[in-house]
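Undergrad: Let me begin by handing over the structure; questions about it come next.
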């Protein structure tokens with residue numbers, strides 16, 4: 135029996151009405167943005183995605199598939215301590231651990247990118263061969279940032295510590311300091327600016343369990359302005375959709391979408407885009 | 135007698151200063167958004183387009199043509215009842231009816247997409263062979279929505295009832311529920327995601343009278359965030375301009391631009407884009 | 135047994151966690167703004183109040199009372215048809231009818247002010263002696279508006295038709311057309327600009343069942359800018375709190391808060407204020 | 135002949151539909167903000183007031199008077215050169231000159247406060263005894279500002295040069311540099327912070343022709359945030375209304391409202407407040 | 135040698151151009167909002183106050199005093215780690231310690247209210263008799279919040295641990311949970327809602343060294359909407375100014391202004407108000 | 135002696151910490167928008183770029199180069215008179231003159247596009263063979279605009295008066311009136327809509343001294359909405375970056391970035407994009 139508390143008061147992402155027990159996928163939010171160095175607000179990302187999902191259909195004409203036909207439990211936003219990365223990551227770890235113990239696929243909504251570490255810590259225990267695919271504008275490979283090891287700017291470095299060399303594959307990367315790029319060459323795979331080599335990489339890692347982390351700032355600032363650190367020169371929606379769909383051909387054992395920052399989304403277009411990406415991700419994981 | 139120039143304080147779309155009698159084209163606004171299910175505000179769309187048009191030139195370097203050289207009467211926003219689709223559509227019908235009776239071309243500014251129905255009702259009476267070309271992110275083919283038959287989500291279904299099968303041609307479509315897409319296959323033409331087959335369709339319907347309805351959400355959310363239901367993965371400005379220009383090679387007997395929602399346009403870029411599309415539409419209709 | 139569907143997925147107003155069966159008060163949202171003549175958006179009011187209530191405490195230092203100690207069921211937002219006042223009012227009527235049949239006190243969150251009519255129609259059936267106290271900037275006493283009888287601008291006229299003369303008491307009124315003010319003199323009580331005579335009126339109607347409708351635009355625009363038709367010269371928070379508290383000395387059998395329009399609340403201060411007023415209202419009704 | 139009502143698409147302030155010839159009052163806008171040192175945007179003030187006036191009634195319950203019963207011609211926004219104070223002031227001078235030559239009362243909408251100078255230059259020629267009453271947060275009495283003599287920060291100094299000592303009466307003043315306050319003591323009347331001595335001053339200048347200039351930043355920032363240089367500690371709406379009404383007991387020969395800056399008015403409350411003040415001003419001038 | 139003036143591009147609060155050595159007051163910013171439970175953004179508060187101070191004059195007509203005549207060094211924003219309260223408070227402690235060791239008066243700009251603790255830790259070491267006067271909407275007396283002891287919601291409890299009973303005096307308080315209010319009765323002084331008893335308290339603590347902490351949410355939401363947790367029913371600008379001025383009659387040995395959150399200040403009015411309060415505070419400390 | 139680090143509170147563009155004497159490049163801001171005919175606000179552009187540059191890295195993965203390795207002095211915003219183009223241009227001229235006299239490369243941040251004229255006046259004196267490359271949506275070739283010769287709409291015409299025919303090369307142009315386009319044919323080079331012929335032009339002018347002026351509205355409105363006159367159909371970030379980089383192969387003797395208008399940048403994405411373009415420009419000028 136699951137130890138997850140059955141929250142009676144959540145507002146679910148459209149079409150994600152399965153019970154926990156029936157679900158193949160468990161969606162949950164990790165509303166933390168405590169280490170954001172730019173503009174905070176990602177804590178509100180998951181709730182906004184859930185709320186604005188009413189503007190979407192459950193059906194995808196891209197995949198000819200429907201959320202109504204798959205089993206997703208939406209666990210809502212988990213409660214996290216403000217200003218305290220250590221217990222925050224522990225809570226995320228525990229939640230993810232329970233989900234994978236129950237043989238379900240966790241899909242986490244950030245929050246800032248650091249939340250990925252909590253999930254990866256749990257998943258790598260079950261899948262020591264874990265490979266991580268990162269769609270992101272930023273390398274996030276610093277060893278520390280402003281004296282802190284637990285920072286969004288260090289999250290992939292911390293993940294690398296768990297997987298070892300040649301197991302982190304970054305795409306769309308277009309920002310980092312000189313040392314990060316130098317360090318990256320020796321330890322991780324980096325496809326700068328776009329997803330051009332994704333097919334090739336996907337072929338290579340076919341058998342491995344995969345964690346997919348999507349920092350939504352991989353999108354161009356025109357497509358996704360409402361994020362903590364917008365970075366011009368990114369990919370568009372169709373490219374991100376194709377990339378996610380490609381990765382979902384692999385054995386994906388966990389994934390996340392992070393860094394939507396609703397306070398910077400006056401038009402609502404970024405939130406709507408995040409909703410659509412989540413729908414396509416959930417369907418891609420299921421078909 | 136006073137020497138003060140009698141400024142009539144008329145606010146028209148830039149360069150649209152013809153009298154009604156002299157005009158070949160009659161531009162008017164239908165400020166209704168009463169059935170909007172997402173975010174209302176399209177009622178302010180036409181007035182915003184008119185007001186912000188001062189930021190445009192009357193001359194188009196795309197078409198080497200100038201609004202100063204064509205005859206457009208701008209009738210302003212017509213007065214509509216709030217919260218009452220039936221009389222609203224009747225008022226739009228009457229206005230359009232008069233314009234076409236007077237042998238002028240009606241160009242309507244929404245408002246939400248439902249307003250199209252009022253205009254089509256009038257036009258199909260005069261042109262029973264009418265073909266409708268729809269640029270839109272959404273199918274809008276539901277038979278009813280939340281119990282209502284007169285809804286933006288049903289507008290093309292209602293139009294289809296007036297024209298019959300194979301007379302509605304949708305382009306750029308990327309949203310609808312499963313049933314709508316299934317129904318669409320049997321009754322209307324649907325080009326998903328883009329305008330790729332537009333040339334081909336235009337060749338086929340060469341002799342028919344055409345109504346062109348442009349739901350501006352056919353544009354990508356990056357280009358046009360300020361709309362009631364933004365939908366990622368759309369076309370860009372150049373593609374829409376080319377599409378409109380292509381359609382204007384046909385015998386266009388009426389058209390509209392709908393779904394600009396100014397309250398979601400803090401930057402003003404969506405409104406400016408709508409203004410430019412209207413200029414190119416008016417010129418394309420005239421050259 | 136109640137016929138109200140136990141919605142498993144609502145997000146409640148802070149501290150309103152009672153089951154329906156245990157509850158003395160039933161809070162619900164009526165997300166309709168279809169007749170708004172100014173700036174629509176009130177449809178999002180109830181959901182925003184619920185969502186932002188986390189910024190409040192459950193305890194009121196004004197009343198030395200705590201939401202944790204009273205029994206409120208939050209039924210969430212009820213589903214309403216867009217653009218169709220008749221079925222909308224019927225749905226609200228039905229919901230309210232059920233609540234009062236179950237001997238609970240309905241507290242409705244708008245939405246626009248027209249929603250009041252749906253609730254009053256149900257309540258006046260049970261309490262034919264019903265008196266209505268209206269806190270509002272606007273008279274809302276037109277017989278029709280732009281050809282419609284069901285409009286926010288006519289809501290109190292429609293209510294008056296149900297109660298008859300001298301049973302509607304308006305306070306804080308500072309807008310209406312000349313005819314409305316003239317008509318008002320003969321049929322309703324009007325305290326212009328403020329609540330100065332409220333105590334006196336409360337003494338007079340001591341025994342009567344009372345419906346309290348609070349159009350939040352009774353507040354000054356400085357205190358509550360995010361409303362469809364902001365009107366300068368209103369009352370402040372302390373005055374509204376005191377007024378509500380005073381009315382709650384009476385036999386209140388139903389009430390509502392309407393006209394928060396979140397799209398116009400960039401700072402969030404209006405929503406936060408509405409949350410606090412709701413807390414004080416719920417506590418005032420209970421102590 | 136067409137049956138379409140020839141909507142001239144005229145946008146006037148609500149109820150100001152008189153012809154120029156019939157009018158007793160001429161309302162016009164001076165859309166200039168070229169010397170604004172803080173946040174520009176006041177150029178859009180007049181147009182916003184006109185546009186948003188539909189949210190008002192024509193009837194004032196404060197004065198029991200109606201715009202429908204008075205004769206105001208709304209001349210719209212006059213065309214002004216950007217970035218060139220000298221011709222801008224000349225254009226305003228010419229317009230005002232014509233209005234007063236035609237024996238009508240000019241009411242000007244800014245724009246920034248410098249526009250007052252153009253009007254005063256014309257009016258003081260006709261009324262050499264002119265007294266100026268200024269409601270304002272700022273003294274605006276600098277001799278020059280950043281090297282310029284024609285600046286919003288100098289406008290009352292320039293006006294004083296036209297009237298001489300003891301003819302400018304400032305109220306609500308709460309900002310200026312030390313030298314301005316020192317200079318003011320010898321040359322103008324200054325009531326700091328509020329309008330407390332207005333009655334007394336009004337009694338004193340009973341017979342004189344009066345120009346009333348209302349810089350809307352005299353209002354508290356809570357009431358009127360959308361202005362170029364918001365200054366806390368101001369008066370509220372009721373106080374400003376009472377002040378304007380009091381001044382209108384005098385022989386007012388010209389007046390203006392300036393410094394609404396719509397780009398800073400996301401909620402729309404400042405614009406709505408400016409509309410209401412203009413209605414009360416027009417009615418106060420007429421009754 | 136170049137004739138270009140070597141503009142060091144220093145951005146200070148207006149008029150605060152003293153060198154550190156000459157200064158009597160040291161102004162500095164503590165850009166931390168990591169424990170904010172509501173809406174983050176206060177990290178940008180200090181920089182915004184500095185930047186927007188150009189809209190103010192250096193002269194105060196309230197105090198007839200000028201920043202040009204006093205000696206304030208503006209140290210800018212100190213660099214703080216994100217997401218790590220312990221080192222953040224240590225950095226603030228060190229900075230404050232140095233300032234008071236150098237016999238200067240520290241004035242800190244938040245950031246969130248937790249930053250007060252860093253300053254108080256330093257100051258109470260030098261002044262063990264320290265009394266704290268708190269202007270605030272919230273008690274901030276929780277022992278812990280969401281499992282954390284270092285939280286904005288606990289800051290005054292942590293301060294109380296340093297001073298002991300009857301040494302913390304709160305004014306304007308209108309929010310807290312039931313337990314906080316109960317605990318407060320035994321340990322601190324609380325003036326609910328306003329500053330009514332301030333004069334009396336000031337008389338009592340005349341000889342004691344005083345730390346003044348101003349959480350700007352003590353202001354009413356109409357006056358100061360742009361804060362993390364807006365709370366209706368607060369005081370206005372004139373009341374806060376008078377309160378600060380009164381406290382400055384005492385032996386103030388340190389002070390702070392916290393909780394301006396610029397992302398929620400579209401109009402800029404809250405920032406402008408914070409600037410003016412800082413000017414009056416600096417002048418009140420000096421005269 | 136105090137141990138506090140003497141933070142001079144200097145705010146420079148990230149990594150631009152050289153002294154003036156050591157610098158090869160001098161960056162400075164020209165905060166003027168007095169002739170803006172659309173939406174003012176560009177005066178705040180340079181300061182916003184500087185402030186938000188902290189969200190960037192100093193390292194460019196595009197150029198494998200780092201701001202830390204080049205010598206740029208950031209002179210901050212120069213002080214300009216509001217509302218007075220003549221002295222404004224003189225001040226810019228003087229500043230630029232000094233920079234080039236000192237054998238340094240000036241990089242100016244607008245402000246509106248007119249500021250370019252001040253810099254070009256100085257530079258053309260030293261380099262009479264000067265060629266100007268203009269990236270812009272608008273021709274800006276009017277002889278006068280609303281009666282003014284010194285207007286953003288005339289800036290390239292004024293520059294042409296300094297260089298003569300065939301020395302101004304415009305790219306990305308998609309707006310102007312009919313006469314401007316006609317005039318342009320005889321006097322300047324115009325590549326409409328994009329940068330397609332840039333390589334060819336660059337080859338042709340290889341030996342000439344070049345001034346590069348980038349009006350950021352050359353970017354598509356999706357990429358750069360926050361500008362005074364947004365114009366759909368522009369280029370994207372990668373295209374602009376490539377274009378700037380190509381021009382920097384030439385002998386660039388001065389350049390500018392103009393027309394970021396921060397008040398229209400609620401999301402911050404336009405400002406972030408401008409920051410990145412400036413980094414790439416500075417690095418391209420140096421490698």
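Protein chains in written order, with the working numbering: chain A, 135 to 421; chain B, 135 to 421; chain C, 135 to 421; chain D, 135 to 421; chain E, 135 to 421; chain F, 135 to 421. Beta carbons are placed, not taken as given, at the ideal position from N, Cα and C, and that holds for glycine.
Spell out whether any CB of chain E is found under 8 angstroms from the CB atom of residue 404 of chain A.
TA: Chain E contact via Cβ: absent.
Undergrad: Under 8 angstroms, with one C-beta from each stretch per pair, do the segment 398-415 of chain C and the segment 177-184 of chain D reach the 3-pair mark?
TA: The segment 398-415 of chain C, when compared against the segment 177-184 of chain D, does not touch it at the 8 angstroms Cβ threshold.
Undergrad: Listing by chain order, which chain F residues have their CB less than 9 angstroms from the CB of residue 186 of chain E?
TA: The premise fails here: residue 186 of chain E is roughly 11 angstroms from chain F at the closest Cβ pair, so nothing lies under 9 angstroms.
Undergrad: Between the C-alpha atoms of residue 354 of chain D and residue 293 of chain A, what's the straight-line distance to the nearest angstrom?
TA: About 53 angstroms.
Undergrad: For the segment 154-165 of chain E and the segment 205-219 of chain A, state whether three or more C-beta atom pairs, one from each stretch, are separated by less than 8 angstroms.
TA: Cβ pair count under 8 angstroms is below three, so no.
Undergrad: Measure from the alpha carbon of residue 218 of chain C to the alpha carbon of each residue in C/347, C/165 and C/311, then state which is nearest.
TA: Considering only alpha carbons, the answer is C/165.
Undergrad: Can a CB atom of chain C be found closer than 8 angstroms to the CB of residue 145 of chain A?
TA: It does: the Cβ of residue 145 of chain A has a partner Cβ on chain C nearer than 8 angstroms.
Undergrad: With distance defined between alpha-carbon atoms, name the residue in E/191, E/159, E/214 and E/317 nearest to residue 311 of chain D.
TA: Ranking the options by Cα distance to residue 311 of chain D, first place goes to E/191.
Undergrad: Could you check what DSSP says for residue 293 of chain D in three-state terms: helix, strand or coil?
TA: Residue 293 of chain D falls in the helix class under three-state DSSP.
Undergrad: Under 8 angstroms between beta-carbons, which chain D residues line up against residue 400 of chain C? List them in chain order, please.
TA: Here the neighbours are 400 and 401.
Undergrad: Helix, strand or coil: which one does DSSP assign to residue 220 of chain E?
TA: DSSP places residue 220 of chain E in helix when its eight states are reduced to three.
Undergrad: Could you have a look at residue 321 of chain E and say whether DSSP puts it in helix, strand or coil?
TA: Three-state DSSP puts residue 321 of chain E in a helix.
Undergrad: To the nearest angstrom, how far is it from the Cα of residue 139 of chain F to the Cα of residue 348 of chain E?
TA: The pLDDT assigned to residue 139 of chain F is 49, lower than 50, so where the model puts this residue is not dependable; a value taken from the coordinates is nonetheless given after this. If you take the alpha carbons of residue 139 of chain F and residue 348 of chain E, they lie about 27 angstroms apart.
Undergrad: Within a Cβ cutoff of 8 angstroms, which residues of the same chain sit near residue 142 of chain A, ignoring the five residues on either side of it in sequence?
TA: Reliability of the predicted coordinates at residue 142 of chain A is poor, the pLDDT of 44 falling under 50, and no value is obtained from them.
Undergrad: Going by C-alpha to C-alpha distance, which of B/308, B/239 and B/340 sits closest to residue 193 of chain A?
TA: When only C-alpha atoms are compared, the closest one is B/308.
Undergrad: Under a Cβ-count criterion, where at least 16 other Cβ atoms within 10 Å of its own Cβ denotes burial, should residue 135 of chain F be classed as buried or exposed?
TA: The predicted position of residue 135 of chain F is uncertain, since its pLDDT is 40 and thus under 50; no value can be drawn from it.
Undergrad: Once the 5 residues before and after residue 415 of chain C are set aside, which same chain residues still bring their CB inside 6 angstroms of it?
TA: Excluding residues within five positions, the ones whose Cβ falls inside 6 angstroms are 378.
Undergrad: Evaluate residue 250 of chain E with the Cβ neighbour count: other Cβ atoms within 10 Å of its Cβ, from every protein chain shown; 16 or more gives buried, anything less gives exposed.
TA: By the neighbour-count rule (16 or more Cβ atoms within 10 Å), residue 250 of chain E is buried.
Undergrad: State yes or no: is the beta carbon of residue 315 of chain F nearer than 8 angstroms to at least one beta carbon in chain B?
TA: Judged by the 8 angstroms Cβ criterion, residue 315 of chain F is in contact with chain B.
Undergrad: By Cβ distance, which residues of its chain are closer than 6 angstroms to residue 256 of chain F, with the 5 residues on each side in sequence left out?
TA: Excluding sequence neighbours, residue 256 of chain F sits near 227, 230 and 231.
Undergrad: Cβ of residue 408 of chain B within 8 angstroms of Cβ of residue 384 of chain B?
TA: Contact flag unset, no.
Undergrad: So, does the CB of residue 168 of chain E fall closer than 8 angstroms to a CB anywhere in chain A?
TA: Chain A, which has a Cβ nearer than 8 angstroms to the Cβ of residue 168 of chain E, makes this yes.
Undergrad: Counting only beta-carbon atoms, is residue 377 of chain E nearer than 8 angstroms to chain C?
TA: By this cut-off, residue 377 of chain E is not an interface position.
Undergrad: With DSSP as the reference, label residue 280 of chain B as helix, strand or coil.
TA: Residue state, collapsed to three classes: coil.
Undergrad: Quick one, which of E/352, E/315, E/187 and E/282 has its alpha-carbon nearest residue 146 of chain E's?
TA: Looking at the Cα atoms, E/187 is the closest of the given residues.
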